[in-house]
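For reference, the structure is listed below as structure tokens.
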Amino acid sequence: MCEVFPLGTTPVKDQEVTYSLLQKNAVDEILMSTLQIADEWMMPGRFTRQCFINDTSYDGITRMVQWRDTSDQCKAGYLRHSVCVLGTEDLPSISGYHHVLVNKMMPSFDYGAIACVSELLFNRTYLAQNDHPLNISYFENLPAILLDNDFAKKNKDLCKAHVHSSDH
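Residues in the sequence shown are numbered consecutively from 1, following UniProt numbering.
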């Protein structure tokens, strides 16, 4: 069941986040992150407030993004809002990621890359292409999964589990 909290009474009391949401600045970028650190809601796959306060992170699988300072740090040579826009040059890397989504691809920049990723997903789904076997233990040992599975029993500390690597 979904709980609805009146404005100003949510478990997340960070005034800057609330202000940003009210101003509609990057709501899509802020809302899910805000919900993910609300320990009171115990969302599956959450990132605890403790980790946020300690400035620690861990590898996730939801979205792969390459944050960079300049476009020459991107394989395809294109940067938008400090994020590399992926192109055909990135296809070998993309095919090996554990992530569910990659960010950022733009049809106006390199539609061919999008078409190739679509074909790869189709082939893996419907033609049993097994060029990147699924490593179940990788997913079973993700900090968020460990936290969800054992938090109450073993009192796991998510922040000490796997530290995020900035290469992703």
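Every residue gets a Cβ at the ideal spot worked out from N, C-alpha and C, and that includes glycine.
All values reported here derive from a predicted model rather than from experimental measurement.
For residue i, which residues of its own chain have a beta-carbon under 8 Å away from its beta-carbon, when the five flanking residues on both sides are left out?
i      : result
Ile61  : His98, His99, Val100, Phe139, Leu142
Val83  : Val65, Gln66, Trp67, Arg68, Asn103, Lys104
Ser118 : none
Asn123 : Gln129
Nearest to residue i by CA position, among the options, is which residue?
i      : options                      : result
Asp55  : Gly96, Arg80, Ile37, Lys104  : Ile37
His81  : Asp69, Gly87, Asn135, Pro92  : Asp69
Leu134 : Gly77, Thr34, Ser95          : Ser95
Ser93  : Leu79, Leu120, Pro107, Asp72 : Leu120
Met106 : Arg124, Tyr78, Met43         : Tyr78
Ala144 : Thr34, Tyr126, Met43         : Met43
Spatial neighbours of residue i within its chain, please: CB distance less than 6 Å, with the 5 preceding and 5 following residues excluded, ordered by chain position.
i      : result
Asn149 : none
Trp41  : none
Asp72  : none
With a Cβ-Cβ cutoff of 8 Å, do residue i and residue j count as a contact?
i      : j      : result
Leu86  : Ala115 : no
Asp110 : Ala76  : yes
Residues in the same chain with beta-carbon distance under 7 Å from residue i, minus the five sequence neighbours each way, listed in chain order, please.
i      : result
Glu89  : Lys75, Ala76
His132 : Ser95, Gly96
How would you call residue i, buried or exposed, if buried means at least 16 neighbouring beta carbons within 10 angstroms?
i      : result
Leu147 : buried
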